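Residue numbers (the numbering used here), protein chains in the order written: chain A, 1 to 350; chain B, 1001 to 1383; chain C, 2001 to 2185.
By construction, the Cβ of each residue, glycine as well, lies at the ideal position given by its N, Cα and C atoms.
On a predicted model such as this, the values are computed, not experimentally measured, just so you know.
Structure first, commentary second.
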Ligand code: SF4
Ligand code: SF4
């Protein structure tokens, strides 16, 4: 399958197609966020033997819309001694960072908003925006809880970038490219060609499968840490820090943080999908594959990862700051390093 | 001295700025309106000063102005998650003062009810402890089971939380006909959930890492601070008033006193205090089963209720093993129908006093866990 | 080193156990219900809102006296022999006191049930109704007395006339107790 941007094909490479290319992910993001919020509400409820929201719409499916409307109506409070400029800017920085990541996500062989040959690198670069947003918000709130949350968040994200980057680097080595479309293409074919199972190759590749499985696990864990999800939600751990960095936020600005969190969840899920689950590739080789099916496979794989994140959130307790650092530096990093070396050797030798 | 400054640095003299953080009275994990003034060095707790009194309701003063039976509803409101256990020492103290002997059936119902309430209390304690560590789901599983227990209370006494069920000399009313079956079913359900919680939460490695070796309370410190209940037993001291000083009919039952053994950490850490509660639920189940078996069906639960509660001149201190520790009532009677003085020895209050001692030097997140492991109820701390 | 691998394995293993448990709960029967539409049954002896049956209440004020929070407010007027109504109670006996005011402040009531147990005529009872919240504090004060204000006025006047007559008759020998007895509050 060749890769292209279908908008460019239809209307030619113009400003219009670029704007449309940027708009499509935004629409997707909004729809996705509503679904994910509903999913979070419902899955958490079902796990806890509750019914969850049932009033708004049949089975409460309109609940996320109601939540957004509620947040829109809320008074926008800025604490008296807050740094107004930074305080107001922080949620937008965070959201921009999250949304910018969507620019390179290949939803289908026929559509990636922007075709950059450094896609992976780019995602990690804009992903670091979130830290700036959090630190800004936490510091500008003039609240000790927010400040503690922001500090925790900065240290957490920085230390988890490293094992995360190592994992992604391994994938780049396996695919021989940093371009997300190329990485997806490199895994075309049935599901045993995914990097989760060692990538395409003769059956002798079986011995690397444990390493790739381990790698994807490591990436799963680091992605949880980078999106501040349980068990790594210590920057906002509500039992200690009340709300962490967004303690002082209300109304739409809080909603921005909220949206950004969900957008980030999807971004890390899609990176995991692209890097290990074959991106838009159908698991059955040629069967059900195509430009349109690509979107389907991609979103459903990513949504499965999002489901995993939600599931984990409602299962596990929260780790502590020092344990988080221990896990990041002393467990994930060495394991990732070992896998990186082994897989690079495999790549050179075969 | 002529040493070069930047080489010869005494690190202990470097003072980083301490931050004073007010935790509460409106905070998700202070279990009520407790205010903790915390001094932090980075994230390390260097000092904790608990400020109490936000829920002070003058229990002791009110008790001097109402008649003996009217005190019972106020007693309920001290430790509102285990009201039955609060009523027990009060009514038994007055009964002892008046020399009333209650019928056997009343004793059995009282024991069953207090043990059920002990289970409910421990379930809340474990649930909120898990919540402090960040686990939300076990919280709701335990609350579901507690709800079933509350249904039994509601059916028997008419109220879910604040019962006014134990009266001086008897009970407000007899239990309903299917009481025994209901209780046995609950015991089964509680055991099932206990196993599940053990697998889901207690032996989860993250949870163990969060709570083991955190907030270690050595046995001597615990005794010096007069801690009681699971806080004391978590430190390995085998002291339970039901065994050591059997009141009511507790000498008729066969049960054990679980103590902290340092299974996954040090003796007396937060995990130990919690596991003591887990094991106590199991022991309470055993007591309930035996009590249901022995309980006589016939008997008038109100036959020993005095017409006028007017204890003779005198004073008494009577203590019982509350789920949170030793709850004692010191009552002085001057022969009137109103007590001259009622003093409550509240276990939560005493146990809370040990918090600064055991939380210095741990991280801020640990402080919350330690507070959760002490299991306080502010209604009882402030009274 | 072995400890390190053991603890890493324990992390992984116990997380999987937890995930398995929560996953089975995902499909288990839900215990919550759609509250206003469905309800769990409330036992008949539930101690919820109080209800007074005015024709049973003889105005003895025992309930007001026993209430630990003093939230019952009772005022009575004596029934004079000259009363044209010749009122009877629910059980057919002669009524001795008019209950002109019987207010319960449910904002104060702690639902202890003491008032229901002391009442000699079982005039006050707990109901199973617990949904009576109100936007104002006044909304929580329930006036149970069955008498209208005109009636109260009339009875008061009757009583005053009668007591004045009595006084005259007894030539001021016996001092009457205050004309209107007040509740404990
Ligand atoms: S239930 Fe208790 S508090 Fe309420 S009115 Fe009756 S005696 Fe007073
Ligand atoms: S309700 Fe009962 S106790 Fe109260 S005044 Fe009437 S008859 Fe007396």
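Got a sec: is the Cβ-Cβ distance from residue i to anything in chain A below 8 angstroms?
i	result
residue 2013(C)	no
residue 2001(C)	no
residue 1358(B)	no
residue 1034(B)	no
residue 1130(B)	yes
residue 2034(C)	yes
residue 1043(B)	yes
residue 1150(B)	no
residue 2019(C)	yes
residue 1135(B)	yes
residue 1140(B)	yes
Flag residue i as yes if its beta-carbon sits less than 8 angstroms from any beta-carbon of chain C, otherwise no.
i	result
residue 1380(B)	no
residue 1196(B)	yes
residue 1158(B)	yes
residue 38(A)	no
residue 1276(B)	no
residue 1154(B)	yes
Could one say the Cβ of residue i lies closer than 8 angstroms to chain B's Cβ atoms, at least one of them?
i	result
residue 2007(C)	yes
residue 2120(C)	no
residue 230(A)	yes
residue 148(A)	yes
residue 2030(C)	no
residue 317(A)	yes
residue 240(A)	yes
residue 2022(C)	yes
By Cβ distance below 7 angstroms, which residues in the same chain neighbour residue i in space, the five residues on each side in sequence not counted?
i	result
residue 1053(B)	1382
residue 195(A)	171, 174, 187, 212, 275, 276
residue 1146(B)	1120, 1123, 1124
residue 2165(C)	none
residue 1174(B)	1301
Decide if residue i is buried, meaning its Cβ has at least 16 other Cβ atoms within 10 Å, or exposed.
i	result
residue 2025(C)	buried
residue 1076(B)	buried
residue 2028(C)	exposed
residue 31(A)	exposed
residue 57(A)	exposed
residue 2001(C)	exposed
residue 2040(C)	exposed
residue 1099(B)	exposed
residue 176(A)	exposed
residue 1277(B)	buried
residue 1272(B)	buried
residue 314(A)	buried
Leaving out the 5 sequence neighbours to the left and right, which residues in its chain are closer than 6 angstroms to residue i when beta-carbon positions are compared?
i	result
residue 1091(B)	1166, 1168
residue 1032(B)	1378
residue 1114(B)	1084, 1085, 1088
Got a sec? Which residues, its chain only, sit under 8 angstroms from residue i by beta carbon, not counting five neighbours each side?
i	result
residue 76(A)	250, 251, 252, 253
residue 1026(B)	1033
residue 114(A)	21, 103, 104
residue 2108(C)	2069, 2070, 2071
Is there contact between the stretch 1231–1242 of chain B and the stretch 1261–1281 of chain B, where contact requires at least three CB pairs shorter than 8 angstroms? The stretch 1231–1242 of chain B is in contact with the stretch 1261–1281 of chain B.
Could you please tell me which residues of the stretch 45–57 of chain A, in chain order, have their CB closer than 9 angstroms to any CB of chain C? Per Cβ criterion, the list reads 45, 46, 47, 48, 49, 50, 51, 52, 54, 55.
Would you call the stretch 61–72 of chain A in contact with the stretch 114–123 of chain A, where contact means no fewer than 3 C-beta pairs closer than 8 angstroms? No contact exists between the stretch 61–72 of chain A and the stretch 114–123 of chain A.
The stretch 1016–1031 of chain B: which residues have C-beta closer than 7 angstroms to a C-beta of chain A, in chain order? Cβ contacts with chain A: 1019, 1021, 1027, 1028, 1029.
Check whether the stretch 1197–1206 of chain B and the stretch 1319–1332 of chain B are in contact - that is, three or more C-beta pairs closer than 8 angstroms. Verdict: no, contact absent.
Okay, do the stretch 1240–1258 of chain B and the stretch 1306–1326 of chain B touch, 3+ Cβ pairs below 8 angstroms being the bar? Touching, yes.
Can we say the stretch 1333–1348 of chain B touches the stretch 1243–1252 of chain B, given the rule of at least three CB pairs closer than 8 angstroms? Not touching, per the Cβ criterion.
At a Cβ cut of 9 angstroms, what residues of the stretch 2111–2136 of chain C count as close to chain B, listed as they run along the chain? Within the stretch 2111–2136 of chain C, the qualifying residues are 2111, 2112, 2113, 2114, 2117, 2126.
So if I threshold CB-CB distances at 8 angstroms, which residues from the stretch 320–343 of chain A count as touching chain B? When C-beta distances to chain B are compared with 8 angstroms, the residues of the stretch 320–343 of chain A below that value are 320, 321, 322, 323, in chain order.
Residues of the stretch 192–204 of chain A in Cβ contact with chain B at a cutoff of 8 angstroms, in chain order, please. Cβ contacts with chain B come from no residue of the stretch 192–204 of chain A.
To be precise: take each residue of the stretch 1359–1376 of chain B, compare its Cβ to all Cβ atoms of chain A, and keep it if any distance is under 9 angstroms. Which residues remain? For the stretch 1359–1376 of chain B, which is checked against every Cβ of chain A, the residues closer than 9 angstroms are 1363, 1364, 1365, 1366, 1367, 1368, 1369, 1372.
Any contact of the stretch 215–225 of chain A with the stretch 294–304 of chain A, i.e. 3+ C-beta pairs under 8 angstroms? The stretch 215–225 of chain A, when compared against the stretch 294–304 of chain A, does not touch it at the 8 angstroms Cβ threshold.
Select from the stretch 289–313 of chain A all residues with a C-beta closer than 8 angstroms to any C-beta belonging to chain C, and list them in chain order. The residues in question are 311, 312.
With a threshold of 8 angstroms, are at least 3 pairs of Cβ atoms found where one atom belongs to the stretch 2120–2131 of chain C and the other to the stretch 2044–2062 of chain C? Counting C-beta pairs closer than 8 angstroms gives three or more between the stretch 2120–2131 of chain C and the stretch 2044–2062 of chain C, which meets the contact rule.
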